[in-house]
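Protein sequence lines, in the order shown, are assigned to chains H and Z.
Take the first sequence: its position 66, counting from 1, is numbered 75 in the numbering used here, and each next residue is one higher.
Take the second sequence: its position 16, counting from 1, is numbered 127 in the numbering used here, and each next residue is one higher.
Using N, Cα and C, we set each Cβ at its ideal position, and we do this for glycine too.
What follows is one structure encoded as structure tokens, with my remarks underneath.
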Amino acid sequence: DGGITQSPKYLFRKEGQNVTLSCEQNLNHDAMYWYRQDPGQGLRLIYYSQIVNDFQKGDIAEGYSVSREKKESFPLTVTSAQKNPTAFYLCASSRTGTSGGRADTQYFGPGTRLTVL
Amino acid sequence: AQSVAQPEDQVNVAEGNPLTVKCTYSVSGNPYLFWYVQYPNRGLQFLLKYITGDNLVKGSYGFEAEFNKSQTSFHLKKPSALVSDSALYFCAVRDPDNNNDMRFGAGTRLTVKP
């Protein structure tokens, strides 16, 4: 899992509640990503950030929000607008998100399993 | 848009036998291809990648992958499987025009039996 940490490992959410998932990296990477993993569906991109104070929506951004105030941190908030949030959430980072980084590897954190009660 | 397909949900092999996990891709332009492995309740671990050059790419834990442009395939292989190789394997392709757009296959569960 390299130098990427995610917390908590398990998270439980009640209906109508917002929750925030933490992602921190010490790899000095510019780019960070959030993916959602559901059984049999692979990974789907929620949000990504190429650089501090900038982020872009991925394929399934509805009901989620992010911030990128520091290079090493990219927290994900699952809002009450996300109707089916139960999933395994994975954070990743890569050296750069610009076109010069096409060959860069994305490295993943250990994940957070979110369950709606 | 680019995509990958992993045609087998499940692959079973006996320990000591060679293993192959299949992946085919679709992309406009030069492909950037990756293999990852995931153990239960863990993140994805990088195994290897193809960017350019030799079609046979060697990676971690004795795994290798063969890039075949004519068949648009990037199959993962290992000459002798271990029980500890049992895990979920993902193939991924990056959009050559958008470094942030990585598409993952649905995954193949590999089971190695003693």
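Practice problem: For R122 of chain H, return the contacting residues in chain Z, with the cut-off set at a CB-CB distance below 9 Å. | Solution: N152
Exercise. Mind checking the segment 201 to 222 of chain Z against chain H and listing, in chain order, the residues whose C-beta falls within less than 7 Å of any C-beta there?
Key: F201, R205, P207, N210, N211, M213, F215, G216, A217, G218
Quiz item: Near E33 of chain H, what residues of its chain come up, given a Cβ to Cβ distance below 6 Å and the 5 sequence neighbours on each side ignored?
Solution: T14, E81, S82
Practice problem: Would you check if the segment 216 to 224 of chain Z and the segment 126 to 140 of chain Z touch, i.e. whether three or more CB-CB distances between them fall below 8 Å? | Solution: yes
Quiz item: Do N211 of chain Z and G106 of chain H have their C-beta atoms within less than 7 Å of each other?
Solution: yes
Quiz item: Using a C-beta to C-beta distance shorter than 7 Å, which residues of chain Z count as neighbours of R111 of chain H?
Solution: Y143, R205, P207, N210
Quiz item: Near S171 of chain Z, what residues of its chain come up, given a Cβ to Cβ distance below 8 Å and the 5 sequence neighbours on each side ignored?
Solution: Q156, F157, L158, L159.
Self-check item: Any C-beta of chain Z under 7 Å from that of P17 of chain H
Solution: Not one chain Z Cβ lies under 7 Å of P17 of chain H.
Self-check item: Helix, strand or coil at S76 of chain H according to DSSP, with G and I counted as helix
Solution: coil
Quiz item: Which class does T14 of chain H belong to by DSSP, given the choice of helix, strand or coil?
Solution: strand
Practice problem: Taking C-beta pairs closer than 7 Å, name the residues in chain Z that P84 of chain H reaches, listed in chain order. | Solution: Neighbours of P84 of chain H on chain Z: none; closest Cβ ~17 Å, over 7 Å.
Quiz prompt | Collapsed DSSP secondary structure at D63 of chain H in the structure displayed | solution = strand
Self-check item: Residue interval of the beta strand (DSSP E) (run including K180 of chain Z)
Solution: No beta strand (DSSP E) holds K180 of chain Z; DSSP gives it neither H nor E.
Practice problem: Say whether the segment 114 to 123 of chain H touches the segment 162 to 176 of chain Z, bearing in mind that this needs 3 or more beta-carbon pairs closer than 8 Å, one atom from each stretch. | Solution: Taking a contact to require three or more Cβ pairs closer than 8 Å, the segment 114 to 123 of chain H and the segment 162 to 176 of chain Z do not qualify as touching.
Quiz item: With a cut-off of 7 Å, does the C-beta of F157 of chain Z fall near any C-beta of chain H?
Solution: With 7 Å as the cut-off, F157 of chain Z counts as an interface residue toward chain H.
Self-check item: Alpha-carbon spacing of L20 of chain H relative to T124 of chain H, whole angstroms
Solution: Approximately 6 Å between the Cα atoms of the pair.
Quiz prompt | Nearest residue (CA-CA) to L126 of chain H, options H:Y44, H:N93, H:S103, H:G118 | solution = H:N93
Quiz item: Counting along the chain, where does the beta strand (DSSP E) carrying E33 of chain H start and finish?
Solution: Unbroken beta strand (DSSP E) run through E33 of chain H: 28 to 34.
Quiz prompt | Chain-ordered chain Z contacts of T114 of chain H [CB-CB under 8 Å] | solution = F145, F157, K160
Self-check item: Residues sharing a beta bridge with L155 of chain Z, DSSP
Solution: L155 of chain Z is bridged by DSSP to Z:Q149.
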